[in-house]
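These protein sequences, in sequence, are chains B and S.
Residues in the first sequence are numbered from 239 upward in steps of one, following this note's numbering.
Residues in the second sequence are numbered from 239 upward in steps of one, following this note's numbering.
Note that the Cβ used here is the ideal one computed from N, Cα and C, for glycine as well.
Because the structure is a prediction, the values reported are computed rather than measured.
2 protein chains.
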Amino acid sequence: MDKMITTVKWQGGKKFLGLNEHKSEVLIDIDDSTGVRPMQMALMSIGGCTAVDVVSTLEKMRQNVEDLQIEVEGLRRDEHPRYFEEITIVYKLKGDLDEEKVGRAIKLSEEKYCSVSNMFEPKAKINYRYEINR
Amino acid sequence: MDKMITTVKWQGGKKFLGLNEHKSEVLIDIDDSTGVRPMQMALMSIGGCTAVDVVSTLEKMRQNVEDLQIEVEGLRRDEHPRYFEEITIVYKLKGDLDEEKVGRAIKLSEEKYCSVSNMFEPKAKINYRYEINR
């Protein structure tokens with residue numbers, strides 16, 4: 239099994255620095271005007287994971303994606319622990335794209351490749367939608 | 239239920255920008271020497287979440303934490319989807335701390351407050367360890 243290691247260092251207050259093994263940094267902050275909150279990072283990790291999948295798959299399908307923006311919305315439980323009960327991922331693509339291929343690329347990420355969404359799924363119901371702007 | 243929204247914008251290649259509603263940014267990159275990989279962000283989100291809990295709880299317990307560093311190690315499945323089957327969180331604390339209180343703060347995060355670990359738990363076995371350096 240592959241091992242992945244990250245470190246989270248306290249910076250005082252409610253600020254923390256997330257570091258990977260190459261020292262690439264993320265500022266984690268409960269005041270999310272200066273950094274990102276841990277639960278926002280969880281949403282970004284799902285968005286980033288499926289974004290990588292969809293871009294790679296559409297490239298292999300010889301589709302010319304001009305732009306991709308993904309909105310990830312999470313609904314949190316009111317009680318502790320306040321995990322996401324529902325997550326909606328909206329893919330906004332730009333380009334002269336084959337709709338059937340876009341749908342298939344997203345489905346492949348959802349069912350096979352996206353490690354993050356698959357890890358969240360037992361707790362969070364995940365919805366997928368897409369829009370193509372030509 | 240509380241709603242949280244983040245956006246992931248493609249920057250070309252395998253680079254993406256993660257943004258929260260205040261436009262705080264994270265560079266997501268498959269080449270993790272320049273940004274962080276989505277699965278690294280997932281580990282950092284669990285580390286950040288429990289870090290916030292533990293710092294807050296120990297503060298309420300009037301413990302003077304001088305430093306806190308958390309190592310989060312994830313073991314990924316070999317097959318797709320390659321989510322973490324096991325995650326080990328190691329808390330490295332510095333200060334003249336009451337060991338029983340440290341253990342209790344970590345336990346509270348694990349069992350009640352940490353939204354991220356609770357969301358990952360059905361798929362990933364999570365181990366907790368701590369070290370106190372006085």
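Span of the beta strand (DSSP E), counted from its first residue to its last, around residue i
i              : result
K314 (chain S) : It is Arg, not Lys, that sits at residue 314 (chain S) in the sequence shown. Counting along the chain, the beta strand (DSSP E) containing R314 (chain S) begins and ends at 305–314.
K261 (chain B) : It is not in any beta strand (DSSP E) - K261 (chain B) carries neither H nor E in the DSSP assignment.
R367 (chain S) : 363–371
M242 (chain S) : 240–248
Beta-carbon neighbours of residue i, restricted to chain C and to distances below 7 angstroms
i              : result
Y351 (chain B) : Here chain C cannot be found, since the structure's protein chains are B and S.
For residue i, the three-state DSSP class (helix, strand or coil)
i              : result
K350 (chain S) : helix
E324 (chain B) : strand
N209 (chain S) : Here chain S covers residues 239 to 372 and nothing more, so residue 209 (chain S) does not appear.
I268 (chain B) : coil
G256 (chain S) : strand
Integer Cβ distance of residue i from residue j, believed to fall under 8 angstroms
i              : j              : result
V354 (chain S) : M277 (chain B) : 7 angstroms
M242 (chain S) : G312 (chain B) : 5 angstroms
T272 (chain B) : L265 (chain B) : 7 angstroms
M299 (chain S) : K339 (chain S) : 5 angstroms
D240 (chain B) : H260 (chain S) : D240 (chain B) to H260 (chain S), Cβ: 34 angstroms. No contact.
V310 (chain S) : I284 (chain S) : 6 angstroms
Y366 (chain B) : I327 (chain B) : 5 angstroms
T295 (chain B) : I308 (chain B) : Contact doesn't hold; Cβ gap of about 14 angstroms is too wide.
Host alpha helix (DSSP H) of residue i (start-end)
i              : result
E297 (chain S) : 276–298
Closer than 7 angstroms: residue i CB and nearest the ligand NAD heavy atom
i              : result
S353 (chain S) : With respect to small molecules bound, the structure shown includes none, and the ligand NAD cannot be examined in it.
Classification of residue i by the beta-carbon crowding that lies within 10 angstroms, buried from 16 upward
i              : result
E317 (chain B) : exposed
I275 (chain B) : The question names Ile, but residue 275 (chain B) is Arg in the sequence shown. It is buried - the Cβ of R275 (chain B) has at least 16 other Cβ atoms within 10 Å.
D291 (chain B) : buried
G286 (chain S) : buried
N258 (chain S) : buried
D267 (chain S) : buried
E369 (chain S) : exposed
E297 (chain B) : exposed
E348 (chain B) : buried
Segment contact flag, the region 329–337 of chain B with the region 292–312 of chain B, C-beta cutoff 8 angstroms, min 3 pairs: The region 329–337 of chain B, when compared against the region 292–312 of chain B, does touch it at the 8 angstroms Cβ threshold.
Cβ pair count under 8 angstroms reaching 3, the region 356–372 of chain S against the region 312–324 of chain S: The way I'd put it, the region 356–372 of chain S does touch the region 312–324 of chain S; three or more beta-carbon pairs between them come closer than 8 angstroms.
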